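Read the structure below first, then the notes.
Protein chains: 2
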Amino acid sequence: MAVRELVRRRDANATRAALLAAATSRFANEAYDSVSLRSIASDAGVDVSLVSRYFGGKEELFAAVLNACAPPDEMFEGDPGDFGERIARMLIDEPLDDDKLSILLVMLRSSSHASACEAIRAAGEERFYGPFARWLGGENAACRVRTAAALMKGVMIDRRISEDFGMSTNERALFRDRLARVLQAAIEA
Amino acid sequence: MAVRELVRRRDANATRAALLAAATSRFANEAYDSVSLRSIASDAGVDVSLVSRYFGGKEELFAAVLNACAPPDEMFEGDPGDFGERIARMLIDEPLDDDKLSILLVMLRSSSHASACEAIRAAGEERFYGPFARWLGGENAACRVRTAAALMKGVMIDRRISEDFGMSTNERALFRDRLARVLQAAIEA
DNA sequence: GCTATAAGTCAACGCCTGTTGACAAGCGTC
DNA sequence: GACGCTTGTCAACAGGCGTTGACTTATAGC
């Protein structure tokens, strides 16, 4: 969690970046109200007050996190025919703390927080649905993208509730296969 | 929000029930940490202290809410061949505050709260996945159920973020159709 | 090396939270 | 009608929260 280097120099940009990284990690793992500025500052190795100083406040920090999330371009590469397979494997077998999942994680963790919804909606459109739909192309791309994204988010939630989905290895393999097929069906024209 | 009757009589069971109903509504709409006992007590029209007295504390109240959620049997009736259509219509067109969605809503709203996960997992198994799988039957029912449920939860999240999914009426109809097809694919053997 | 300024710390604030124990009021029972 | 148990209110608590302003310290430029 210690995002800040051990040997520190006074560097506002680096501190800002450390705070942003710490905040991204926290907001990707807990809901808005669960995340305290003190925990973020602690992760970054600085005082709480710097958060308000550098970002303005908690809401602005959250917005900054959303804006700092890069579109997960790796998802939107290669043959769309492999999409289901690729994403299913990622969602079920790979660690969830990868940067390319940040945007989706942050979106879903704080989706219940009313005052964050508009920022989430905008960032989601710009940094996920948009690039996704452009890559996919074809008719009703937005609609297909939404369906696939909903499924992805649901799976991420379940994975948080029980790491292995409460399944045996065999069951998980079956689940992965089904997920791959259904994801593929979601995006197909 | 005023769950309590206006003309009140001293009735511990009724008060308990009012608190439970208010809590269910709150936990179905906000994340665990966002829900305050004072807001629940206020909805029920009684003092905060009664929450701790009747349920023990916040965690126990949350557990009681989960245990009080009835399995949404109406979902698990009729022809499984209509499942996708029925559920898609429900998720996209009907209000989300229906009792039969409580269990799923509560599960997903607080899924990020680490200490609630075990209770959520257990309640989900007993009150949703279990009945769902028994109704569905066939091979790998659990796996098929999980896939469909994940998609349902994802759609519920997106609906919270933007009421109309940021879609026109036409797009929403297309989305509903696609969702119906993909949900059906999720549960099919 | 000294100084001005940026960077970071510290302490305090007002507010809200969950929880607790003392108190008041309703209600059934004798 | 008075008693006693139940039901509900009230006030206070300790602790955490976000935010603020005054303070200290490091560092870059001269």
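Residue numbers (the working numbering), protein chains in the order written: chain E, 4 to 192; chain X, 4 to 192.
Even glycine gets a Cβ: it sits at the ideal position worked out from N, Cα and C.
Just so you know, these numbers come straight off a predicted model, no measurement behind them.
Which term fits residue 59 of chain X, buried or exposed, when burial requires 16 or more other beta carbons within 10 angstroms of its beta carbon?
Looking up residue 59 of chain X in the second sequence gives position 56. Looking at its Cβ environment, which holds fewer than 16 other Cβ atoms inside 10 Å, residue 59 of chain X is exposed.
Compare the C-beta of residue 46 of chain X against all C-beta atoms of chain E and say whether one is closer than 8 Å.
As a working note, residue 46 of chain X is residue 43 in the second sequence. Taking Cβ atoms only, chain E never reaches closer than 8 Å to residue 46 of chain X, which makes this a no.
Given this structure, state the Cα-to-Cα distance separating residue 52 of chain E from residue 43 of chain E, to the nearest angstrom.
Here residue 52 of chain E refers to the residue found at position 49 of the first sequence. Here residue 43 of chain E refers to the residue found at position 40 of the first sequence. Straight-line Cα distance between these residues: approximately 11 Å.
Given a threshold of 16 other Cβ atoms within 10 Å of its Cβ, counted over all protein chains shown, does residue 31 of chain E qualify as buried or as exposed?
Your numbering for residue 31 of chain E matches position 28 in the first sequence. Classification for residue 31 of chain E: buried.
Cβ of residue 157 of chain E less than 8 Å from any chain X Cβ?
Translated into positions along the first sequence, residue 157 of chain E becomes position 154. Answer yes: the Cβ-Cβ gap between residue 157 of chain E and chain X drops below 8 Å somewhere.
Could you tell me the alpha carbon to alpha carbon distance between residue 118 of chain E and residue 141 of chain X, rounded to whole angstroms?
Stepping through the first sequence from its first residue, residue 118 of chain E is reached at position 115. Stepping through the second sequence from its first residue, residue 141 of chain X is reached at position 138. Approximately 44 Å, taken between the alpha carbons.
Contact set between the region 177-190 of chain X and chain E, restricted to residues whose Cβ is under 8 Å from the partner:
177, 178, 181, 182, 184, 185, 188 and 189
Cβ pair residue 130 of chain E, residue 164 of chain E closer than 8 Å
Numbered from its first residue, the first sequence carries residue 130 of chain E at position 127. Numbered from its first residue, the first sequence carries residue 164 of chain E at position 161. No.
Evaluate contact between the region 122-139 of chain X and the region 132-141 of chain E, counting only Cβ atoms and requiring at least three cross-stretch pairs below 8 Å.
no
Nearest candidate by alpha-carbon position, reference residue 102 of chain X, set X:87, X:72 and X:171
Working through the second sequence from its first residue, we reach residue 102 of chain X at position 99. When only C-alpha atoms are compared, the closest one is X:72.
Any contact between the region 14-30 of chain X and the region 156-172 of chain E? By contact I mean 3 or more CB pairs, one from each, below 8 Å.
no
Of all the options X:149, X:157 and X:23, which has the alpha carbon lying nearest to the alpha carbon of residue 95 of chain X?
Within the second sequence, residue 95 of chain X is the residue found at index 92, counting from 1. Considering only alpha carbons, the answer is X:157.
Work out the CA separation of residue 56 of chain X and residue 48 of chain X for me, nearest whole Å.
Indexing the second sequence from 1 puts residue 48 of chain X at position 45. Indexing the second sequence from 1 puts residue 56 of chain X at position 53. Distance between the alpha carbons of residue 48 of chain X and residue 56 of chain X is about 15 Å.
Please determine, among E:188, E:68 and E:121, the residue with the shortest C-alpha to C-alpha distance to residue 154 of chain E.
Counted from its first residue, the first sequence places residue 154 of chain E at position 151. Checking every option, the nearest Cα to that of residue 154 of chain E belongs to E:188.
Going by beta carbon distance, what residues of the same chain come within less than 6 Å of residue 26 of chain X, once the five residues before and after it are set aside?
Taking the first residue of the second sequence as 1, we reach residue 26 of chain X at position 23. Same-chain partners within the cutoff: 43, 64 and 68.
Can you tell me where the alpha helix (DSSP H) holding residue 120 of chain X begins and where it ends?
Along the second sequence, one-based indexing puts residue 120 of chain X at 117. Run containing residue 120 of chain X: 120-127, per the alpha helix (DSSP H) assignment.
Where the alpha helix (DSSP H) containing residue 142 of chain X begins and where it ends:
Residue numbering aside, residue 142 of chain X sits at position 139 when the second sequence is read from its first letter. No alpha helix (DSSP H) holds residue 142 of chain X; DSSP gives it neither H nor E.
Can you tell me whether residue 93 of chain E is helix, strand or coil according to DSSP?
Here residue 93 of chain E is taken as the residue at index 90 of the first sequence, counted from 1. It is helical.
Helix, strand or coil: which one does DSSP assign to residue 170 of chain X?
Sequence index remark: in the second sequence, residue 170 of chain X carries index 167 (1-based). In the structure shown, residue 170 of chain X sits in coil (DSSP, three-state: anything other than H, G, I, E or B).
Buried or exposed, going by whether 16 or more other CB atoms sit within 10 Å of the CB of residue 161 of chain X?
Taking the first residue of the second sequence as position 1, residue 161 of chain X is located at position 158. Looking at its Cβ environment, which holds 16 or more other Cβ atoms inside 10 Å, residue 161 of chain X is buried.
According to DSSP, is residue 109 of chain E part of a helix, a strand, or is it coil?
Residue 109 of chain E sits at position 106 when you count from the first residue of the first sequence. Residue 109 of chain E falls in the helix class under three-state DSSP.
Short CB-CB distance (under 8 Å) between residue 112 of chain X and chain E
Walking along the second sequence from the start, residue 112 of chain X turns up at place 109. It does; some Cβ of chain E falls within 8 Å.
What in chain X is Cβ-close to residue 146 of chain E, meaning under 8 Å?
Walking along the first sequence from the start, residue 146 of chain E turns up at place 143. Neighbours of residue 146 of chain E on chain X, chain order: 170, 174, 177, 178 and 181.
Given that residue 33 of chain X touches chain E, what residues does it touch there, using C-beta distances under 7 Å?
Stepping through the second sequence from its first residue, residue 33 of chain X is reached at position 30. Residues of chain E passing the Cβ test: 115.
Given that a residue counts as buried once 16 or more other Cβ atoms are within 10 Å of its Cβ, and exposed if not, what is residue 13 of chain E?
Mapped onto the first sequence, residue 13 of chain E falls at position 10. Under this definition residue 13 of chain E is an exposed residue.
Residue 84 of chain X, buried or exposed, once every other Cβ within 10 Å from all chains shown has been counted against 16
Residue 84 of chain X sits at position 81 when you count from the first residue of the second sequence. Counting Cβ neighbours within 10 Å, residue 84 of chain X comes out exposed, since fewer than 16 surround it.
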